[in-house]
Amino acid sequence: MNDKYVIEIKKRPWYEWLLWLGWLIVEVNVLQMAIASGPELEPRAQTLFWVTFFVLLIGGVIVWFMRRSK
Amino acid sequence: MSNQGKVRLSRRDFLRTLGLGVSAAAVGIAAKPLGGDAALSTNPSFEARHFSDPAGRPNRPWWVKTVDEPTVEIDWAKMKRYNEAYIPHLEQGTVRGDGFKAYVGEEKDAELGKLNNELLQHGVEENIPGYTIKDQALNASQSPRVAISFLGPQKAKTPEEWGVPKWSGSPDEAARIVRAAFRHNGAATVGFFELDDNTRKLIYSIDPDGKELIFTDDLIASETETQRFIPNSCKYAIAYTVQMSEETLKRAPTVLGSQTTGLAYKRSYQIQSSMQEFFRGLGYQALGCSSTNALGIAPAFGVMAGLGELSRLNRLITPEFGPMVRVFVMLTDLPVALDKPIDAGIMKFCRACKKCAEACGGGALSFETDPTWEIRGPWNNPGHKAYYEDSVKCRTFQRTDTGTNCGICFAVCPFSKKDKAWIHEYVKAGASTAPFMDGFFRSMDDAFGYGAQKDCEEWWTLDLPEYGCDSGGML
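Chains as they are written, first to last, in the numbering used here: chain A, -5 to 64; chain Y, -17 to 457.
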């Protein structure tokens, strides 16, 4: 047996980390707005911010897994 | 070499841990408004700390710029001192008091007054939210007020009576201690400007009670049956704001919503009398309003003292509290450090917004995109480029439809926010620096449901802070 396996490891480019940092900052901001809309007694704004937060969160998780499996 | 005992962290794990840490910290910051002191504070932007400015000016965000000329254009040559009482032979003056009767006619005034009373009676009998007996009772609780006068109570022991010289300090020091005292007595923000040949025109020619206001070379202010004398030495004008409850006024136009205005006026009576005694205690004079809305044009004082900008409401909008304040005026002979007008993009924002004009049931507010020099009636004071309102339409609507002071223009204004969510700070900064975004900001304000009238019965279930003022202030 003389099987050889070549494992290629691709380094993620720097701008990908920058994009993830941008995503994180947006998420943190939207989360703050969602939480703070509670004490502001603004139910519609609160709902919209929570929806935005979870859509971005789920989107981020999906992209992460897709990129990870490549 | 053995790695035993060492924790090895891959780059991926390191970044993941870092990301989680940042997220946790951010959530912690974000959750702050939910509990603790911040939720109880009337305005955390003024949490206890030393003044960073020698004159005690509050720290304002970077997007609030001081400017030499106010954002409302003024033609001082055209401006005259205003009559805050209706003058029959001139057919000119305020719509307050007898003015409204003069503008609509005696018969119409009586008819509207009857209609107004019927509305309120109907509200109580039918238990209409915002007009119920408990709302009326709360409204009645705003009536008892301390007496106010032009000269003040004059009871404080003066430095002369103590046998010491009157207080002295630099103008910065004077402004700082006056600000500290005003805020301690309940004012939200305080600003100063000097009366010169132009700005004297912001002092009424006639007070609401019909007394003439006259500048004099006398050193001591005085008052007769028909006149009030302002010494030329009392050239330092003070404008101060008293917060209104945003959460309460968002129930406008109802009795419940409008009584927060009465509460702010009631508080101002106490503040004015207290501060007149403070000045007397220092050895100086402080001239105040002899009644509600007396002495001078309060929004104009607020503009000149840098507390805010004039707006489509034709009232002051402040960067800190939006229009959720009442503005009050005083004069003193204590030399204080002066302030400048500000530009926070508010007047520009009004060009694109028009939300207040759309919400105004009486059609009293201007829909013009740009402010104009043209007045809409003899109740307006010409000489500044503004969004003049039809005050008769405003007052008529209050009698035919709301039965009480309206205030819906204040309630729907996009600047009327509690400022707990960071988005409001971003929008205000955007309005100040990127006016081309103003239309988008207005649309988003609607989309997110801001400014919608809130449930009056729900108000009675809310655990609000003192005076119902729950403004988060600025970070």
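Glycine residues also receive a C-beta, built at the ideal position from the N, C-alpha and C atoms.
All values derive from a computational prediction rather than experimental measurement.
Starting from residue i, follow the alpha helix (DSSP H) in both directions and report where the run begins and ends.
i                      : result
residue 43 of chain A  : 37 to 62
residue 394 of chain Y : 390 to 394
residue 281 of chain Y : 280 to 286
residue 11 of chain A  : 8 to 30
residue 81 of chain Y  : 80 to 86
residue 373 of chain Y : 373 to 379
residue 337 of chain Y : 337 to 341
residue 2 of chain A   : No alpha helix (DSSP H) holds residue 2 of chain A; DSSP gives it neither H nor E.
residue 229 of chain Y : 228 to 231
Grouping DSSP H, G and I as helix and E and B as strand, with all else coil, what is residue i?
i                      : result
residue 47 of chain Y  : strand
residue 437 of chain Y : coil
residue 250 of chain Y : helix
residue 221 of chain Y : strand
residue 210 of chain Y : strand
residue 308 of chain Y : strand
residue 114 of chain Y : coil
residue 326 of chain Y : coil
residue 105 of chain Y : helix
residue 415 of chain Y : helix
residue 423 of chain Y : helix
residue 264 of chain Y : helix
residue 196 of chain Y : strand
residue 314 of chain Y : strand
residue 300 of chain Y : strand
residue 442 of chain Y : coil
residue 447 of chain Y : coil
residue 56 of chain Y  : strand
residue 205 of chain Y : strand
residue 347 of chain Y : coil
residue 120 of chain Y : helix
residue 128 of chain Y : coil
residue 20 of chain Y  : Only weak support exists for where residue 20 of chain Y lies, its pLDDT of 39 falling under 50; the coordinates are left without a value.
residue 408 of chain Y : helix
residue 257 of chain Y : helix
residue 457 of chain Y : The predicted model places residue 457 of chain Y with a pLDDT of 33, which falls under 50 and marks its position as unreliable; any figure quoted below should be read in that light. Reduced to three states, the DSSP call for residue 457 of chain Y is coil.
residue 26 of chain Y  : With a pLDDT of only 45 at residue 26 of chain Y, under the threshold of 50, the placement of this residue in the model should not be trusted; the figure read from the coordinates follows. Helix, per DSSP.
residue 333 of chain Y : helix
residue 91 of chain Y  : helix
residue 133 of chain Y : coil
residue 384 of chain Y : helix
For the beta strand (DSSP E) containing residue i, name the first residue and the last one.
i                      : result
residue 141 of chain Y : Counting along the chain, residue 141 of chain Y falls outside any beta strand (DSSP E), though it belongs to the alpha helix (DSSP H) covering 141 to 144.
Check whether the Cβ atoms of residue i and residue j sit closer than 8 Å, and answer yes or no.
i                      : j                      : result
residue 47 of chain A  : residue 21 of chain A  : yes
residue 203 of chain Y : residue 197 of chain Y : no
residue 307 of chain Y : residue 283 of chain Y : no
residue 312 of chain Y : residue 226 of chain Y : no
residue 356 of chain Y : residue 369 of chain Y : no
residue 63 of chain Y  : residue 185 of chain Y : yes
residue 112 of chain Y : residue 238 of chain Y : yes
residue 216 of chain Y : residue 315 of chain Y : yes
residue 319 of chain Y : residue 154 of chain Y : yes
residue 323 of chain Y : residue 46 of chain Y  : no
residue 302 of chain Y : residue 189 of chain Y : no
residue 261 of chain Y : residue 222 of chain Y : no
residue 101 of chain Y : residue 389 of chain Y : no
residue 421 of chain Y : residue 341 of chain Y : no
residue 124 of chain Y : residue 244 of chain Y : yes
residue 376 of chain Y : residue 344 of chain Y : yes
residue 144 of chain Y : residue 264 of chain Y : no
residue 444 of chain Y : residue 228 of chain Y : no
residue 259 of chain Y : residue 138 of chain Y : yes
Quick one: what's residue i bridged to in DSSP?
i                      : result
residue 74 of chain Y  : Y/69
residue 368 of chain Y : Y/354
residue 185 of chain Y : Y/278
residue 292 of chain Y : Y/298
residue 269 of chain Y : Y/313
Pick out the complete beta strand (DSSP E) segments inside the region 136 to 179 of chain Y, 3 residues or longer, and give them in chain order.
172 to 176
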